[in-house]
Amino acid sequence: MNLFRESIEDPENLLEGDSIVKYYGELLSLDEADRYCDLLLANIEWRQDEAIILGKHLTTKRKVALYADKAYTYTYSKITRQALPWTQDLLDIKSMVEDKLGETFNTCLLNLYHNGSEGMSWHSDGEKDLKKHGVIASLSLGAERKFSFKNKATGETVSVFLEHGSLLTMSGTTQDFWLHRLPPTTKVSEPRVNLTFRNIIR
Numbered sequence: 111m112n113l114f115r116e117s118i119e120d121p122e123n124l125l126e127g128d129s130i131v132k133y134y135g136e137l138l139s140l141d142e143a144d145r146y147c148d149l150l151l152a153n154i155e156w157r158q159d160e161a162i163i164l165g166k167h168l169t170t171k172r173k174v175a176l177y178a179d180k181a182y183t184y185t186y187s188k189i190t191r192q193a194l195p196w197t198q199d200l201l202d203i204k205s206m207v208e209d210k211l212g213e214t215f216n217t218c219l220l221n222l223y224h225n226g227s228e229g230m231s232w233h234s235d236g237e238k239d240l241k242k243h244g245v246i247a248s249l250s251l252g253a254e255r256k257f258s259f260k261n262k263a264t265g266e267t268v269s270v271f272l273e274h275g276s277l278l279t280m281s282g283t284t285q286d287f288w289l290h291r292l293p294p295t296t297k298v299s300e301p302r303v304n305l306t307f308r309n310i311i312r
């Protein structure tokens, strides 16, 4: 547990130029983060994630859920997901994220990693349904995990540790020029819930 958790009012860009990643540190107090983590673990309609890779239909241990303003569909990894209506807990969290950033979001993709053995491989969130160069806000609950970025051209990497109750944003040309991933680790046995607020454009 980090005893020196803090909110960063004016975070620096962790990348370069128009590729913008900012880590805001604590958005929720420790008590709030604990409460919302427990509520989301219990009440979200989690489902096994799926992907089609090299023509094979795969199911991952990681679980996902999609919630939105409308019954949007969102396709990534060649699988289409149907959004569910917001829960009150998600609306409350969304409001806090929007107030912090001065942004609005219409969709939230949630990921549940049961322990450190589960992660996410290198990828970009470049789906055609997403607002081009818009802000993606990532709220982390549960286990602290390392989150990494890799420049597509140079291979340069940048990493940050995402704390329980913390907020990170990706915007600008980040998805054009950088990949990101959540590497697996043997050092984590607790679950992590990640909420990525974004805008789907129709």
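Numbering (our numbering), first residue to last: 111 to 312.
Where is the CB? At the ideal position from N, CA and C, for every residue including glycine.
All figures in this text were calculated on a predicted structure; none of them were measured in a lab.
S139 classed as buried or exposed, judged by whether at least 16 other C-beta atoms fall within 10 angstroms: Looking at its Cβ environment, which holds fewer than 16 other Cβ atoms inside 10 Å, S139 is exposed.
The stretch 260–267 / the stretch 284–295 touching (three or more Cβ pairs under 8 Å): A contact exists between the stretch 260–267 and the stretch 284–295.
Nearest-angstrom Cβ-Cβ length linking S117 and Y133, presumed shorter than 8 Å: By a beta-carbon distance limit of 8 Å, S117 does not contact Y133. Their separation comes to about 11 Å.
Close-in-space but distant-in-sequence residues of the same chain around I203 (CB under 7 Å, 5 per side omitted): Answer for I203: Y146, L249 and L305, listed in chain order.
Bounding residues of the beta strand (DSSP E) (the contiguous stretch that carries T279): Taken as a continuous stretch (DSSP letters only), the beta strand (DSSP E) holding T279 covers S276 to G282.
Three-state secondary structure assigned by DSSP to L124: Secondary structure at L124: coil, using DSSP grouped into helix, strand and coil.
4 or more residues per run - each alpha helix (DSSP H) lying fully within the stretch 150–213: Within the stretch 150–213, the complete alpha helix (DSSP H) segments of 4 residues or longer fall at 198–211, listed in chain order.
Collapsed DSSP secondary structure at L140 in the structure displayed: Reduced to three states, the DSSP call for L140 is helix.
Reduced DSSP secondary structure (H/G/I, E/B, other) of F259: In this structure, F259 counts as strand in the three-state DSSP scheme.
At least 3 beta-carbon pairs within less than 8 Å: the stretch 188–205 vs the stretch 214–222: Enough Cβ pairs lie closer than 8 Å, so yes.
Status (buried if at least 16 other CB within 10 Å, exposed otherwise) for F307: Around the beta carbon of F307, 16 or more other beta carbons lie within 10 angstroms, which makes this residue buried.
F271 classed as buried or exposed, judged by whether at least 16 other C-beta atoms fall within 10 angstroms: The residue in question, F271, is exposed, as its Cβ has fewer than 16 Cβ neighbours within 10 Å.
Check whether A193 and Y177 have beta carbons under 7 Å apart: Yes, the Cβ-Cβ distance between A193 and Y177 is below 7 Å.
Boundaries of the beta strand (DSSP E) in which T296 is found, first to last residue: Counting along the chain, T296 falls outside any beta strand (DSSP E), and DSSP gives it neither H nor E.
Coarse secondary structure for F215, derived from DSSP in three states: F215: coil per DSSP, three-state reduction.
Outcome for I311 when other beta-carbon atoms lying within 10 angstroms are tallied against a minimum of 16: I311 should be labelled exposed.
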